[in-house]
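In what follows, a structure is listed as structure tokens, so that the remarks can point back to it.
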Amino acid sequence: MLCLNNLVIIGVTDGSTDLVSKLRNLTGLKVWEVFSNAVKVLVGVQSENCTINGRDLVLLLHGIFLGETPPSLLDKTADDFGAFSKKYRHQGILMLIDKKRRIIRVLGDPLGTRIMFYSINPKAFVISTDMKLLKSAMQALDEQLERDVLALYEIINLGYIVSRRTIFKNVSRLLPGESIAIRVSKNAFEYDVSRYWNITPTNMPRGNKDVIVQLLKHVIDQLNSYCKETLGLEIAVPISGGIDSSLLLLLASKSQECRQIRAIHVDIENRMELLLSNLISIKAGVPIYTLAFLLSQLREEYTQMLDNVLKIIGYPREGDASLPYLVLAQHTRDKEIKFSIGGDDADSIFGGYDYYKFFATQLILEKRILEFLKLMKIFRKHNYSLEKLSSIVLKILLQLILRSYSIRYRYFRSRLYKLSRTRSEMLKELIVQYLAELSDILYNAPVHEYYREMLRRMLIYKASHLVHTRVKAEESQGIITFLPYASREIIELIMQIPPEYFFLPIGSRSLPRLLLKGLDTPPIIYLQPKSGFDITARILRDPEILSYMKKSVNNCWVAKYIKTDGLTPIQIHTLFNICLATE
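So the sequence shown is residues 51 to 633, counted in the working numbering.
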């Protein structure tokens, strides 16, 4: 079952009238009352095909539920919701409303590809799969969204939102693997958030090579299941020519049911990416659509595109907010394609980004110094990210020393006192304490499981921002996207593989590189450096755009809390994103 069904649920205890028509007019959704006495609960859905409105139970679905139908899921959830939730592995959000017991239960996406936003107080609540819909529902209730200053400091100091916060004080989000239950009790709403999956490996003892074989088999099985659900319609596989999308395209081409796939590449003046994309599409035997997008065009449309993608996501993102996803989605829509497959989350699970610092930290903590030196030698030889070795060593050093609370406290205190306009010394100290305590999850973990534990936390607190951005960009264009690497089964298998497999013998992402080599791709593909370029860095070289951002930030609410003089271009860009997301 494939469900593009963004939805909203409202609950009130004050006997408000005309809410159905208000919500319908503000959202354009199909709206009805689930129950109404002293307490009213309303549901608004995009598609009734992904809904069951029964006498006692209401089932609402949004996302991808391979091999299931609404009736089959209703049967499973009605029998034992608790047992079902512990094994929940679908790439989507499931809601069950029990009319008799007056309980709304929501299972969030295991890896955060779809996010549930919520705003709850004793007298009213709004929950939604989409921030725009949530804002409209709040408007129907005459509720105001308040900007969250603490979230502002969280983003400017940590680079992204780590907590459940959004950028609005009264709106939170479910983290990957979490669920929420809302209960009506004595004409008031109570709720609790719990974790149904802790992103840990399953206890299935097998050899490392067997796990890798099982991993590849599962990816292909999932691709077959998704392609079968699309009923033979054309499916886009966006590729950059990089490691992750190249491996995914090859695996999809070997899937029996995925005969209707088409590669799509957006060329933003990057000849190497274009070359690699053409090479891998030829190797996979898959036709490719290419869209040329000029950097000059990107500069002209940048701020408007950034505004569009941030409003689609619903809360600030760092850098360019992955706006190429929106360009890709628009191109896919223009080709009249309604389905896509993406390789997002592969960078995380295969040891990409700067996750080498977690493995290196574990080696040092375990006093495996010779292995650490060997790793550094490999990075010097296979430096795919093109970082200076000194930069790599510095990141590892920071990862080590910021394990200490006292050092983190001093580190964030120094940063905050340079940036904050807040005059109250007590308030500054409280913010510093908040940042030092919150960031513990980014640095501290058990020594002998350091890499796996840090990977688990990155999947919960960081990587979910990226996969959510991809999904929302495509949903905005009417496309249902499937991300096979962002599945519970894949993560449970990845967690069984020793971290050495991701960094040895040829540096970061060794495993997918060796898999590509085994699939007979040329060295230019599997030994390539990190493909693509930093759009943010390119854009910020334009003095006119940077000046516009500075002016906008100075006229924005953030200037009341952050000193805007002496900010780096990246910091200005981050504040500009916050301003756009909260207009």
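C-beta atoms are modelled at their ideal positions from N, C-alpha and C, and glycine is treated no differently.
Cβ-based burial, residue i [other Cβ within 10 Å; buried from 16]
| i | result |
| --- | --- |
| Arg471 | exposed |
| Gln272 | buried |
| Ala587 | exposed |
| Met344 | Strictly speaking, residue 344 in this sequence is Leu, with Met absent from that position. Leu344 should be labelled exposed. |
| Ile419 | exposed |
| Ile332 | exposed |
| Glu228 | buried |
| Val261 | buried |
| Ile147 | buried |
| His140 | buried |
| Lys427 | exposed |
| Tyr543 | First, the amino acid is wrong: residue 543 is Leu here, not Tyr. Result: buried. |
| Leu191 | buried |
| Val263 | exposed |
Residue i versus the options, residue with shortest Cα-Cα distance
| i | options | result |
| --- | --- | --- |
| Tyr276 | Ile318, Arg349, Pro548, Cys53 | Cys53 |
| Asp384 | Ala286, Ile442, Val199 | Ala286 |
| Lys150 | Asn87, Tyr405, Lys512, Pro579 | Asn87 |
| His518 | Val176, Leu415, Leu569, Pro226 | Pro226 |
| Glu479 | Asn494, Arg458, Ile491, Glu499 | Arg458 |
| Gly393 | Pro549, Ser290, Gln194, Tyr403 | Ser290 |
| Ile481 | Tyr203, Leu360, Val84, Ile442 | Tyr203 |
| Thr614 | Leu466, Met188, Gly568, Asp570 | Leu466 |
| Leu208 | Ser327, Asn56, Leu492 | Leu492 |
| Ser398 | Leu266, Met504, Val359 | Met504 |
| Gln578 | Leu360, Glu323, Gly132, Val497 | Glu323 |
| Tyr352 | Tyr339, Ala371, Gly335, Ala342 | Ala371 |
| Thr648 | Leu516, Pro496, Val359 | Here the chain has residues from 51 to 633 only, and residue 648 is not among them. |
| Tyr210 | His515, Met545, Pro619 | His515 |
| Ile338 | Ser303, Phe85, Glu350, Leu360 | Ser303 |
| Ser135 | Thr127, Pro172, Gln141 | Thr127 |
| Leu329 | Pro573, Asn358, Asn494, Ile556 | Pro573 |
| Asn56 | Ser71, Asn99, Thr67 | Asn99 |
| Arg105 | Val84, Trp247, Val234 | Val84 |
| Ser244 | Lys236, Arg223, Ser295, Ile451 | Arg223 |
| Thr179 | Gly113, Asp192, Met508 | Gly113 |
| Asp395 | Lys185, Ile540, Gly616 | Ile540 |
| Thr63 | Ala133, Lys236, Gln347 | Lys236 |
| Tyr461 | Gln483, Tyr246, Gly401, Leu360 | Gln483 |
Residues near residue i in its chain [Cβ-Cβ closer than 8 angstroms; skip 5 each side]
| i | result |
| --- | --- |
| Gly65 | Ala88, Lys90 |
| Thr382 | Ala286, Pro288, Ile314, Ser390, Glu524, Gln527, Ile529 |
| Pro121 | Ile102 |
| Pro374 | Val316, Ile318, Ile585 |
Presumed contact (8 angstroms Cβ cut-off) between residue i and residue j, rounded CB distance
| i | j | result |
| --- | --- | --- |
| Leu301 | Val269 | 5 angstroms |
| Ala523 | Leu376 | 5 angstroms |
| Leu111 | Leu123 | 7 angstroms |
| Val156 | Val58 | Contact doesn't hold; Cβ gap of about 12 angstroms is too wide. |
| Ile362 | Leu469 | The pair is not a contact, with the Cβ atoms about 28 angstroms apart (cut-off 8 angstroms). |
| Glu196 | Lys173 | No, Glu196 and Lys173 are not in contact; Cβ-Cβ is about 16 angstroms, not under 8 angstroms. |
| Met145 | Ile153 | With 8 angstroms as the limit, Met145 and Ile153 do not qualify as a contact, their Cβ atoms being about 11 angstroms apart. |
Own chain residues within Cβ distance below 6 angstroms of residue i, not counting five before or after
| i | result |
| --- | --- |
| Ile217 | Asp198, Ala201, Tyr365, Pro366, Ala631, Thr632 |
| Glu279 | Leu52 |
| Leu298 | Gly393 |
| Phe409 | Tyr501, Pro549, Phe553 |
| Glu319 | Leu345 |
| Tyr551 | Leu561 |
| Cys606 | Cys629 |
| Ser305 | Ile270, Leu273, Asn274 |
| Asp357 | Leu630 |
| Ile293 | Arg559, Pro562 |
Span separating the alpha-carbon of residue i from that of residue j
| i | j | result |
| --- | --- | --- |
| Val212 | Val95 | 29 angstroms |
| Asp592 | Gly369 | 15 angstroms |
| Leu477 | Lys600 | 26 angstroms |
| Tyr403 | Ile60 | 40 angstroms |
| Tyr138 | Leu116 | 12 angstroms |
| Glu118 | Ile230 | 22 angstroms |
| Ser454 | Thr250 | 25 angstroms |
| Phe167 | Lys417 | 43 angstroms |
| Asn258 | Ser456 | 39 angstroms |
| Ser327 | Ala342 | 13 angstroms |
| Arg349 | Gly282 | 38 angstroms |
| Met181 | Val108 | 22 angstroms |
| Leu452 | Arg463 | 13 angstroms |
Contact set for residue i: own chain, Cβ-Cβ below 7 angstroms, skip 5 residues either direction
| i | result |
| --- | --- |
| Leu565 | Leu297 |
| Gln189 | Leu76 |
| Arg430 | Leu439 |
| Val603 | Ala609, Thr614, Ile622, Leu625, Phe626, Cys629 |
| Glu284 | Gln310, Arg312, Ile387 |
| Arg214 | Ser222, Arg223, Leu225 |
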